[in-house]
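Under the working numbering, read the sequence shown as residues 221 to 547, first letter to last.
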Amino acid sequence: MERHHVDLLAMGRSGVDVYPLQVGRHLEDVETFGKFLGGSPTNVAVAAARLGHSAGVVTGVGDDPFGRFVTREMERLGVDSGHVVTVKDFHTPVTFCELFPPDSFPLYFYREPSAPDLEIARHQIDWGAVGAARIFWFTVTGLSRDSSLGIHLEALDVRSRVCSACPDGLAPPLTVVDLDYRSNLWKSADQARSRVSAVLGHVDVAVGNLDECEMAVGCSDPEGAADALLARGARMAVVKQGPKGTLAKTAEQSVFVEATPVEVLNGLGAGDAFGGALVHGLLEGWPLERTIRVASAAGALVASRLECSTAMPTTDELLAFAEGTHH
221 MERHHVDLLA MGRSGVDVYP LQVGRHLEDV ETFGKFLGGS PTNVAVAAAR LGHSAGVVTG
281 VGDDPFGRFV TREMERLGVD SGHVVTVKDF HTPVTFCELF PPDSFPLYFY REPSAPDLEI
341 ARHQIDWGAV GAARIFWFTV TGLSRDSSLG IHLEALDVRS RVCSACPDGL APPLTVVDLD
401 YRSNLWKSAD QARSRVSAVL GHVDVAVGNL DECEMAVGCS DPEGAADALL ARGARMAVVK
461 QGPKGTLAKT AEQSVFVEAT PVEVLNGLGA GDAFGGALVH GLLEGWPLER TIRVASAAGA
521 LVASRLECST AMPTTDELLA FAEGTHH
């Protein structure tokens, strides 16, 4: 069934994040946990929804209690679950983490032998919605398995036809790749680099941290990485450098924004909050500097909280925080 068109349609991982309620302990020593909606593109959709945009996620879940939790929690947090496919042969993924602030948050993924979001069939996707979304956001995890690679390439083909008919400039419709690289979800770094490099010519915006940029283009220098992403075909490159700030470049301008200082509790949701606010700025037509500054503030705000999806700020909350920290 065809769904309503949305401001943001994300594609990729969804699942359950299980966070320890005791900070500074290894999992074997943790006594209690909290259960939260997870998966990077899903969190980005939640972040955008909290900022007032219509959002959906093309993803898969298992026919199990956690799958029902994912779809229910999406709806509760303002995200259309109508693009979520139930894949009966695989379990809904679960991800555990450890919290050692300010900069150590080990992740343990349970996605074997495969995850439902990697096993969606072509006929289960609303291709009209993929083409109609003002922003289409995907992460590179979907390129890691042959079962989902073709789906993502077809989505990019649909988006290329839509975006090529639109005026120049970084106004919607836009396609964004999050370089969100998890080495343990790939066969090898070489496979990741080959497949990611091949899609950069089909996106408008590429977003990643220094390690992810090095995987994609073989360069970990911020300026060099941004230039390489642009040379491969992206029209905007966003290079996140954690506490050192964020660099964003287009062919016309370069912006560097210092990190927003906070006391970090859980850094795992910072990138997704950044992504949701980046989407917000692009949809609103903000200048590049303001977009990156507010996105940086969103990441910092969520990093100061325990949760990810349920910690995403509202527009008023985010703008008050961003303006209060901007001098």
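Cβ coordinates follow ideal geometry from the N, Cα and C atoms, glycine included.
Buried is the label assigned to residue 469, since at least 16 other Cβ atoms lie within 10 Å of its Cβ. It is roughly 24 Å from the alpha-carbon of residue 395 to the alpha-carbon of residue 335. DSSP, reduced to helix, strand and coil, places residue 476 within a strand of the structure shown. Within its own chain, the residues whose Cβ lies closer than 8 Å to the Cβ of residue 280, once the five positions on either side in sequence are excluded, are 234, 304, 305, 306, 307, 310, 335, 336, 337, 338, 339 and 340, listed in chain order. By the 16-neighbour rule on beta-carbons within 10 angstroms, residue 251 is exposed. Rounded to whole angstroms, the gap between the alpha carbons of residue 508 and residue 283 is 42 Å. If you draw a straight line from the Cα of residue 361 to the Cα of residue 368, it is about 9 Å long. Close CB contacts of residue 483 within its chain, under the 7 Å cut and outside five residues either way in sequence, are with 524 (chain order).
If you draw a straight line from the Cα of residue 228 to the Cα of residue 503, it comes to about 9 Å. Burial of residue 240 is indicated by the presence of at least 16 other C-beta atoms within 10 angstroms of its C-beta. Beta-bridge partners assigned by DSSP to residue 506: none are found.
Counting the other Cβ atoms within 10 Å of the Cβ of residue 399 gives 16 or more, which makes it buried. Under DSSP, residue 240 takes part in a beta bridge, and its partners are 253. Counting along the chain, residue 419 sits inside the alpha helix (DSSP H) bounded by residues 409-419.
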